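Chains as they are written, first to last, in our numbering: chain Z, 496 to 592; chain E, 10 to 290.
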């Protein structure tokens with residue numbers, strides 16, 4: 496998804512990468528959940544392993560994006576939310592759809 | 010860290026052992042082994058029961074969704090999503106990698122999803138985002154609607170988060186942790202498979218197919234070998250136990266604060282139920 500509006504310069508779903516597409520690279524420093532149905536959970540390991548952080552949907556008006564993952568990110572319902580996730584995203588999972 | 014999406018039954022069992030099941034009993038029996046159940050997909054660590062269960066997470070998220078739609082409607086904006094509960098998710102804890110043979114045999118690395126969930130994800134792919142008006146009203150609702158303020162409550166956190174993290178890093182750097190990995194990798198090597206340093210999955214998986222819910226025979230073959238090797242070396246129990254032992258002293262130190270967090274969560278979940286009933290859901 497290309498950057499616009501409230502998007503950041505470096506987002507997970509940047510140009511040519513559509514929402515929901517596999518995320519196997521780790522050069523991610525900020526994220527935004529542009530969906531209308533599902534929350535998204537990012538993992539530090541492949542296939543939903545390791546640490547995780549959660550984001551709501553853009554329709555929720557809060558907790559759906561983070562411009563800087565170096566100081567952690569996402570909902571505090573994940574105990575990992577204070578850990579740096581900069582360049583650590585290795586897989587993702589949609590939930591609470 | 011964690012596997013906070015567990016079931017209420019596991020929470021009850023572990024809380025009982027933490028707090029003592031009878032009045033006056035010491036809480037000296039904090040488990041230092043993880044409870045794992047391949048049938049249900051649950052891996053329960055000592056810290057997990059102070060966070061949300063899968064069911065509670067669904068309840069709060071559903072209430073938040075409903076409250077937001079109703080708040081927007083009161084402001085004259087019809088939300089882009091429909092008034093309904095969230096689609097429930099199945100517990101399938103993979104924090105130590107794929108480990109359930111039944112899943113590997115049927116689905117490889119794919120996490121199966123219901124048709125309704127797949128449809129919801131497809132809708133998200135096509136969604137261009139809300140209008141500027143809806144976005145603005147939504148952000149205002151999140152800040153001012155009393156239901157949403159309660160439902161969006163952030164857990165305050167505290168020094169235990171860092172200490173849990175540090176304890177787990179220490180566990181991951183231990184000889185026992187590395188031995189579990191090397192035992193698993195050696196088993197895979199005997200089957201002609203390789204694992205890159207730091208990876209939790211053997212090489213060769215078609216991740217584009219996995220993320221598209223496509224089960225490929227080659228991926229199933231890798232997944233089955235992966236899980237069989239984990240079983241052979243008792244991989245998940247070994248790693249989960251190291252995490253459990255690392256968490257236990259932190260739970261002991263901050264037990265009162267963690268219980269207070271849990272009480273707040275239970276209050277929030279009860280409120281979520283009220284919001285859902287009021288919305289007819």
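Where is the CB? At the ideal position from N, CA and C, for every residue including glycine.
This one's a predicted model, so the numbers in the text were calculated from it and none came from an experiment.
Legend entry - residue 274 of chain E - containing alpha helix (DSSP H), residue span: Residue 274 of chain E -> alpha helix (DSSP H) spans 264 to 287.
Inset, instruction - Mark residue 141 of chain E as exposed unless 16 or more other C-beta atoms lie within 10 angstroms of its C-beta, in which case mark it buried. - result: So residue 141 of chain E ends up on the exposed side.
Inset, instruction - Tell whether a beta-carbon distance below 8 Å holds between residue 133 of chain E and residue 532 of chain Z. - result: Going by C-beta atoms, residue 133 of chain E is nearer than 8 Å to residue 532 of chain Z.
Legend entry - Identified DSSP bridge partners for residue 555 of chain Z: According to DSSP, residue 555 of chain Z shares a beta bridge with no other residue.
Legend entry - DSSP three-state assignment for residue 21 of chain E, whether helix, strand or coil: Reliability fails at residue 21 of chain E, whose pLDDT of 41 lies under 50, so the model's placement of it is uncertain and no value is given.
Legend entry - Interfacial residues, the region 83 to 117 of chain E to chain Z, with Cβ spacing under 7 Å: Cβ proximity to chain Z below 7 Å picks out 88, 89, 90, 95, 96, 98, 103, 104, 105, 106 and 107 from the region 83 to 117 of chain E.
Inset, instruction - Would you mind telling me which residues of chain Z sit closer than 7 Å to residue 60 of chain E, beta carbon to beta carbon, in chain order? - result: The contacting residues are 572 and 574.
Legend entry - Contacting residues, own chain, Cβ-Cβ under 8 Å from residue 177 of chain E (five flanking each side not counted): Excluding positions up to five away in sequence, the list reads 10, 252, 255 and 256.
Legend entry - Proximal residues of chain Z, C-beta to C-beta of residue 209 of chain E below 8 Å: Against residue 209 of chain E, the close residues of chain Z are 540, 541, 542, 544 and 545, in the order they occur along the chain (beta-carbon pairs closer than 8 Å).
Inset, instruction - Put residue 527 of chain Z into one of helix, strand or coil per three-state DSSP. - result: In the structure shown, residue 527 of chain Z falls within a strand segment according to DSSP collapsed to helix, strand and coil.
Legend entry - Run of the alpha helix (DSSP H) containing residue 233 of chain E, from where it starts to where it stops: First-last of the alpha helix (DSSP H) with residue 233 of chain E: 226 to 241.
Legend entry - C-alpha gap between residue 187 of chain E and residue 168 of chain E, whole angstroms: Roughly 27 Å between the two C-alpha positions.
Legend entry - Exposed unless 16 or more other CB atoms sit within 10 angstroms - verdict on residue 566 of chain Z: Classification of residue 566 of chain Z: exposed, given that the 10 Å Cβ count is below 16.
Inset, instruction - Answer yes if the region 101 to 117 of chain E comes into contact with the region 241 to 251 of chain E, meaning at least three C-beta pairs across the two stretches below 8 Å, and no otherwise. - result: Enough Cβ pairs lie closer than 8 Å, so yes.
Inset, instruction - May I ask you to verify whether the region 93 to 101 of chain E touches the region 572 to 580 of chain Z, counting CB pairs closer than 8 Å and requiring at least 3? - result: Under the Cβ criterion (8 Å, minimum of three pairs), the region 93 to 101 of chain E does not count as touching the region 572 to 580 of chain Z.
Inset, instruction - Report the neighbours of residue 126 of chain E on chain Z: residues whose CB is nearer than 7 Å to its CB, in chain order. - result: The CB of residue 126 of chain E comes closer than 7 Å to the CB of 592 in chain Z, given here in chain order.
Legend entry - First through last residue of the alpha helix (DSSP H) which encompasses residue 178 of chain E: Per DSSP, the continuous alpha helix (DSSP H) segment holding residue 178 of chain E begins and ends at 168 to 181.
Inset, instruction - From the DSSP output, in three-state form, read off residue 6 of chain E for me. - result: The structure shown does not extend to residue 6 of chain E, since chain E is modelled only from 10 through 290, so no value can be given for it.
Legend entry - Boundaries of the alpha helix (DSSP H) in which residue 591 of chain Z is found, first to last residue: Careful: residue 591 of chain Z lies outside any alpha helix (DSSP H) and carries neither H nor E.
Legend entry - residue 136 of chain E beta carbon less than 8 Å from that of residue 529 of chain Z: Less than 8 Å separates the beta-carbon of residue 529 of chain Z from that of residue 136 of chain E.
Inset, instruction - Answer with buried or exposed for residue 328 of chain E, where buried requires no fewer than 16 other C-beta atoms within 10 angstroms of its C-beta. - result: This structure leaves residue 328 of chain E out entirely; chain E is present only between 10 and 290.
Legend entry - For residue 68 of chain E and residue 286 of chain E, the rounded distance between their alpha carbons: Whole-angstrom Cα-Cα distance: 11 Å.
Inset, instruction - Classify residue 126 of chain E as buried or exposed, calling it buried when 16 or more other Cβ atoms lie within 10 Å of its own Cβ. - result: It counts as buried.
Inset, instruction - Spell out the partners DSSP gives residue 534 of chain Z in its beta bridges. - result: In the DSSP output, where bridge partners are listed per residue, residue 534 of chain Z has Z/590.
Legend entry - Collapsed DSSP secondary structure at residue 547 of chain Z in the structure displayed: In this structure, residue 547 of chain Z counts as strand in the three-state DSSP scheme.
Legend entry - One or two residues paired with residue 256 of chain E in a DSSP bridge: DSSP lists no beta-bridge partner residue for residue 256 of chain E.
Inset, instruction - Specify the secondary structure class of residue 68 of chain E as computed by DSSP and reduced to three states. - result: In this structure, DSSP gives residue 68 of chain E a helical state, which the three-state scheme calls helix.
Inset, instruction - Could you check how far apart the C-beta atoms of residue 81 of chain E and residue 143 of chain E are, in whole angstroms? I think they sit under 8 Å. - result: Taking a contact as a CB-CB distance under 8 Å, the pair residue 81 of chain E and residue 143 of chain E counts as one, their CB atoms being some 7 Å apart.
Legend entry - Euclidean distance between Cα positions of residue 78 of chain E and residue 87 of chain E: Cα to Cα, residue 78 of chain E sits roughly 7 Å from residue 87 of chain E.
Legend entry - Range covered by the alpha helix (DSSP H) that runs through residue 184 of chain E: Per DSSP, residue 184 of chain E belongs to the alpha helix (DSSP H) from 184 to 199.
Inset, instruction - Give a yes or no on whether the C-beta atoms belonging to residue 556 of chain Z and residue 238 of chain E are separated by under 8 Å. - result: No. Outside cutoff.
Inset, instruction - Spell out the partners DSSP gives residue 53 of chain E in its beta bridges. - result: Residue 53 of chain E pairs with E/44.
Legend entry - alpha helix (DSSP H) runs wholly inside the region 88 to 152 of chain E, at least 4 long, in chain order: Those alpha helix (DSSP H) runs which fall completely within the region 88 to 152 of chain E and span 4+ residues are 110 to 116 and 124 to 135.
Legend entry - Contact belief for residue 586 of chain Z with residue 541 of chain Z at Cβ below 8 Å, rounded distance in angstroms: Contact between residue 586 of chain Z and residue 541 of chain Z holds: their C-beta atoms lie close to 5 Å from each other, under 8 Å.
Legend entry - Top-ranked residue by Cα proximity to residue 264 of chain E, from E/173, E/66, E/156 and E/64: Per the C-alpha coordinates, the member of E/173, E/66, E/156 and E/64 positioned closest to residue 264 of chain E is E/173.
Legend entry - Chain-ordered chain E contacts of residue 556 of chain Z [CB-CB under 7 Å]: Ordered by position in chain E, the residues that pass the 7 Å Cβ test against residue 556 of chain Z are 77, 147, 148, 150 and 151.
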